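A.B. asks: Chains as they are written, first to last, in this note's numbering: chain A, 1 to 347; chain B, 348 to 624.
Every residue gets a Cβ at the ideal spot worked out from N, C-alpha and C, and that includes glycine.
From a predicted model like this one, the values you see are computed outputs, not experimental measurements.
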């Protein structure tokens, strides 16, 4: 573990920005998101979970796939610098690893380039991820339900603890180890630093509510698929899609051509299974006509289908959807009700 | 790395109008760059994203067979914005395709078996690919029975080819239309009823079923009644799609993505998916 004094943090970010495109939490107009920063003063160091998720760093809300004109298509030039992300919370680090499972390849053909998303890979594969421990989780945080830990560094290249007057850093990967070894402005951490980090970790863990065991959830969801519990669960939902847009793991997208006169660009834009048009076919037929069917699809995808395909839930417990929902649908309550459901389809 | 979102350039070589309404057109596309054609290896049942720059993409099953080199065939029903634009294409125009995508009919499994192919309406495209492929490898398969229905004779695809097939003695072709029409010499009645009448033997048999949802819905009980096991009945599913490579989430049903886990599924597999057909 090394120790970076906070008065050297600005130099650290400026030097990092020399080698990388650095993204970090920035609060502007009362909303926080990951933006490109040049110096420490751009960064909101107190921001816990950003309002917008960091998925947009690697999978932007709207992304040009290519440009075209009458002569054909033209790929866009990418910046040569790799991306570094400072201040990713454990839940968000995990979300990127989940998205990498989807965009990095296809389950059946991991080595076939036809199934690898070049736009994701160009940005994600050589990125440097700084995980930042959460000392004070929010009331909406439930990473511990999904196997997360506010002081867990899994997936980070460099894991960082904010110890008040300094950042304590330890490597989480070979890439991170090499980075730390080359750092000139950090010194070795003391025993007192290690102790402090330990105390912050136990303090943070104690602030989280007791986790609900989710082992049975996938099976329960499949068992109640055809039951009317969904009507009750989705009754409040207005299918606005806010949950999917702030979600760090929701990754559905639409592809549209934008242009005129034979010139334009093909872009992809975030989309959501919450919207009726998502599945509406040209014939007019819509396999998910009803609001509750779409609500069910999102829950099933996260806690059952993704589990089938990748062995884990497509949820990190970041709680952004709980905060963003305009009608207070709380995914924790939904899960709880499914597990505790006693009607038809119950055990 | 290669970019899977960039379409392969194709040139429209031939256009055939399939019906009097001109709602169904068949396009034969040739590879502009022959090297692309050499790399493009596919099997019956696979599909492509058909791309028109500025208009968008739509997925279509490949109607040509890999045994017919040099071109790819697609039959397009004019129903939405992209298909409407595709219908304006002229011979010589350049279009794009991405593919081949998805899985295919298990022709290897079918080897040595009797194959019953049941189709309805303009969903006959990949079935044509399958039939042409099997005829080219005729000695690998036992009896071939094809049951193909459309609302009226005009709506049957690939009419000239159907006539050729009717003359063959190594393929039994039953054509049917919904209601009697003067001069029609084939059968009359909906596909499920015809399947029941024809009652193909289940012995060492495989079924491939492809058509509108309503036809599938009513044909499945007939096949069950005839005692075809679900594991030996295959169908091809459709859902709205965008990326075609298992990313965009649109065609997800149950734990499957139609684009990468399908479009071909056995009824046994479909039975395990809660939200289907």
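Could you name the residues of chain B that residue 127 of chain A contacts, counting a contact when the two beta carbons are closer than 8 Å?
C.D. replies: Chain B residues near residue 127 of chain A: none, gap ~16 Å exceeds 8 Å.
A.B. asks: Would you tell me roughly how many angstroms separate the C-alpha atoms of residue 277 of chain A and residue 160 of chain A, rounded to the nearest one?
C.D. replies: 43 Å
A.B. asks: State yes or no: is the beta carbon of residue 595 of chain B nearer than 7 Å to at least one beta carbon in chain A?
C.D. replies: yes
A.B. asks: Around the C-beta of residue 581 of chain B, are 16 or more other C-beta atoms found within 10 angstroms, so that it is buried, or is it exposed?
C.D. replies: buried
A.B. asks: On a Cα-Cα basis, can you pick out the residue from A:129, A:173, A:154 that is closest to residue 57 of chain A?
C.D. replies: A:129
A.B. asks: If the cut is a Cβ gap below 9 Å, which residues of chain A does residue 621 of chain B touch?
C.D. replies: 222, 225, 226, 300
A.B. asks: Who are the Cβ neighbours of residue 543 of chain B in its own chain at under 7 Å, not counting the five residues just before and after it?
C.D. replies: 569
A.B. asks: In chain order, what residues of the same chain have a beta carbon less than 8 Å from the beta carbon of residue 9 of chain A, not counting five sequence neighbours either side?
C.D. replies: Correct list, in chain order: 40, 167.
A.B. asks: Taking Cβ-Cβ distances below 8 Å as the criterion, which residues of the stretch 229-262 of chain A are in contact with chain B?
C.D. replies: Of all residues in the stretch 229-262 of chain A, the ones placed with a Cβ closer than 8 Å to any Cβ belonging to chain B are 251, 252, 253, 254, 255, 256, 257, 259, 260, 262, in chain order.
A.B. asks: Using only alpha-carbon positions, find the residue among B:439, B:596, B:538, B:595 that is nearest to residue 564 of chain B.
C.D. replies: B:538
A.B. asks: Can you find a C-beta in chain A that's less than 7 Å from the C-beta of residue 592 of chain B?
C.D. replies: yes
A.B. asks: What would DSSP say about residue 705 of chain B, mapped onto helix, strand or coil?
C.D. replies: Any property of residue 705 of chain B remains undetermined from this structure, which presents chain B solely from 348 to 624.
A.B. asks: Please classify residue 524 of chain B as buried or exposed, where buried requires at least 16 other C-beta atoms within 10 Å of its C-beta.
C.D. replies: buried
A.B. asks: Would you check if the stretch 599-616 of chain B and the stretch 426-433 of chain B touch, i.e. whether three or more CB-CB distances between them fall below 8 Å?
C.D. replies: Here the stretch 426-433 of chain B does not lie against the stretch 599-616 of chain B, with fewer than 3 beta-carbon pairs under 8 Å apart.
A.B. asks: Less than 7 Å separating the beta-carbons of residue 22 of chain A and residue 42 of chain A?
C.D. replies: no
A.B. asks: Along the beta strand (DSSP E) that carries residue 492 of chain B, what are the first and last residues, could you check?
C.D. replies: Per DSSP, residue 492 of chain B belongs to the beta strand (DSSP E) from 491-497.
A.B. asks: Would you kindly report the start and end of the unbroken alpha helix (DSSP H) that includes residue 309 of chain A?
C.D. replies: 306-310
A.B. asks: Could you check how far apart the C-beta atoms of residue 279 of chain A and residue 143 of chain A are, in whole angstroms? I think they sit under 8 Å.
C.D. replies: Contact flag wrong, Cβ pair sits at about 31 Å.
A.B. asks: Hey, could you find the ends of the beta strand (DSSP E) residue 444 of chain B is sitting in?
C.D. replies: 441-448
A.B. asks: If I measure Cβ to Cβ from residue 197 of chain A and keep anything under 7 Å in the same chain, skipping five residues before and after, which residues do I get?
C.D. replies: 161, 163, 168
A.B. asks: Flag residue 112 of chain A as yes if its beta-carbon sits less than 7 Å from any beta-carbon of chain B, otherwise no.
C.D. replies: no
A.B. asks: For a quick check, are the C-beta atoms of residue 52 of chain A and residue 79 of chain A less than 7 Å apart?
C.D. replies: No Cβ-Cβ contact shorter than 7 Å links residue 52 of chain A with residue 79 of chain A.
A.B. asks: Under the DSSP definition of a beta bridge, which residues are partnered with residue 169 of chain A?
C.D. replies: A:2, A:160
A.B. asks: Under 7 Å, do residue 472 of chain B and residue 408 of chain B count as touching if we go by C-beta distance?
C.D. replies: yes
A.B. asks: Is there contact here, the stretch 432-448 of chain B with the stretch 587-595 of chain B, by at least three beta-carbon pairs under 8 Å?
C.D. replies: yes
A.B. asks: Given a cut-off of 7 Å on the beta-carbon distance, is the pair residue 20 of chain A and residue 84 of chain A in contact?
C.D. replies: yes
A.B. asks: Whole angstroms is fine: what's the gap from residue 241 of chain A's alpha carbon to residue 302 of chain A's?
C.D. replies: 15 Å
A.B. asks: Out of B:609, B:611, B:595, B:368, which has the shortest C-alpha to C-alpha gap to residue 267 of chain A?
C.D. replies: B:595
A.B. asks: Tell me the rounded alpha-carbon separation between residue 141 of chain A and residue 114 of chain A.
C.D. replies: 37 Å
A.B. asks: Could you tell me the distance, in whole angstroms, from the CA atom of residue 373 of chain B to the CA atom of residue 574 of chain B?
C.D. replies: 36 Å
A.B. asks: Decide if residue 63 of chain A is buried, meaning its Cβ has at least 16 other Cβ atoms within 10 Å, or exposed.
C.D. replies: By the 10 Å Cβ count, residue 63 of chain A comes out buried.
A.B. asks: Is it buried or exposed for residue 515 of chain B, if we count other Cβ within 10 angstroms and need 16 for buried?
C.D. replies: exposed
A.B. asks: Quick one: measure Cβ to Cβ for residue 297 of chain A and residue 273 of chain A, integer angstroms, because I've assumed they're closer than 8 Å.
C.D. replies: 5 Å
A.B. asks: Please classify residue 24 of chain A: is it buried, with 16 or more other beta-carbons within 10 angstroms of its beta-carbon, or exposed?
C.D. replies: Residue 24 of chain A is buried by the Cβ-count criterion.
A.B. asks: What residues in the stretch 60-80 of chain A bring their beta carbon closer than 8 Å to a beta carbon of chain B?
C.D. replies: Under the 8 Å Cβ criterion, the stretch 60-80 of chain A contributes 65, 66, 68, 72, 73, 75.
A.B. asks: Ordered along the chain, which non-local residues of its own chain (more than five positions away) have a Cβ less than 8 Å from that of residue 449 of chain B?
C.D. replies: 392, 393, 394, 591, 605, 606, 607, 609, 610, 611
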